[in-house]
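Numbered by my numbering, the letters in the sequence shown go through residues 3 to 175 in order.
Glycine is no exception: its CB is placed at the ideal position from the N, C-alpha and C atoms.
In this text, all values refer to a predicted model and were calculated from it rather than measured experimentally.
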Amino acid sequence: MGRRRPRGLEYFRDVLTPRRIGEEAAQESLTLLGAANAPAGEMPIVSPRHSGVLIHEAVGHLLEADFNRKKTSVFWNKMGKAVGSPLVTIYDDPTIPASRGSYNIDDEGTPPRKTLLIEKGVVRGLLQDKLSARLMRGAELTGHGRRQDYGHWPIPRMANTFIAAGEDAPRTF
3 MGRRRPRGLE
13 YFRDVLTPRR
23 IGEEAAQESL
33 TLLGAANAPA
43 GEMPIVSPRH
53 SGVLIHEAVG
63 HLLEADFNRK
73 KTSVFWNKMG
83 KAVGSPLVTI
93 YDDPTIPASR
103 GSYNIDDEGT
113 PPRKTLLIEK
123 GVVRGLLQDK
133 LSARLMRGAE
143 LTGHGRRQDY
153 GHWPIPRMAN
163 TFIAAGEDAP
173 RTF
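Now the structure itself:
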């Protein structure tokens with residue numbers, strides 16, 4: 003449950019009630035007591051369910067504009083250059099309905115939009131807030147100005163980062 007999930011309080015009254023939360027936690031605990039060991043050996047590198055976490059940690063923060071304008075990201079001078087496999091296209095999209103990282107407006111009042119970050123292995127965009135967009139000579143706002151809380155200034159941060167579906171079958175290496 004993300005702190006910015008765009009839902010009203012009726013969701014917690016009608017859908018995710020305290021009783022349901024408790025029942026699901028108890029059921030998960032009971033299931034885990036009988037869990038088997040994790041499998042070992044060759045595995046797909048990216049699963050559809052977990053690729054967002056992988057991309058978030060591997061390259062997501064490096065595509066936030068503040069790190070690039072300060073030249074602390076390895077991508078600071080890679081716009082338009084290949085940095086990965088042509089099989090990989092990466093987006094960040096805060097507008098996915100009811101998704102954990104979604105929001106209707108960023109913390110600077112900018113409507114968010116789906117942002118292409120890497121297209122077929124080539125860096126195409128960055129996540130921008132107002133300050134970074136202005137300092138990077140008028141870069142386009144993406145609606146990614148986020149605050150840790152109201153005691154902090156907004157900075158560009160990810161929402162829902164994911165690898166776009168491709169046409170290739172999963173491979174094991």
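Beta-carbon proximity check, residue i vs residue j, cutoff 7 Å
{"i": "Asn-162", "j": "Ser-101", "result": "yes"}
{"i": "Ala-135", "j": "Leu-143", "result": "yes"}
{"i": "Arg-149", "j": "Asp-95", "result": "no"}
{"i": "Gly-145", "j": "Pro-99", "result": "no"}
{"i": "Gly-153", "j": "Lys-132", "result": "no"}
{"i": "Leu-64", "j": "Ser-75", "result": "yes"}
is_contact[residue i, chain B] using C-beta, thresh 7 Å
{"i": "Gln-130", "result": "Checking the listed chains, one finds no chain B in this structure; it contains a single protein chain."}
Close beta carbons around residue i, own chain, < 6 Å, minus the five adjacent residues each side
{"i": "Ile-120", "result": "Ile-92"}
{"i": "Ala-60", "result": "none"}
{"i": "Trp-78", "result": "Asn-70"}
Residues near residue i in its chain [Cβ-Cβ closer than 7 Å; skip 5 each side]
{"i": "Ala-84", "result": "Gly-123, Val-124"}
{"i": "Met-81", "result": "Val-125"}
{"i": "Leu-89", "result": "Gly-168, Asp-170"}
{"i": "Leu-11", "result": "none"}
Coarse secondary structure for residue i, derived from DSSP in three states
{"i": "Arg-21", "result": "helix"}
{"i": "Leu-137", "result": "helix"}
{"i": "Asp-94", "result": "strand"}
{"i": "Glu-12", "result": "helix"}
Assumed close pair residue i, residue j - CB separation to whole angstroms, cut-off 8 Å
{"i": "Ser-104", "j": "Thr-97", "result": "6 Å"}
{"i": "Asp-68", "j": "Pro-158", "result": "5 Å"}
{"i": "Met-138", "j": "Gly-62", "result": "At roughly 18 Å, the Cβ-Cβ gap does not stay under 8 Å, so Met-138 and Gly-62 are not in contact."}
Residues near residue i by beta carbon distance below 8 Å, same chain, minus five either side
{"i": "His-58", "result": "Met-160, Thr-163"}
Unbroken beta strand (DSSP E) runs of length 3 or more, entirely within the region 24–77: which are they? none
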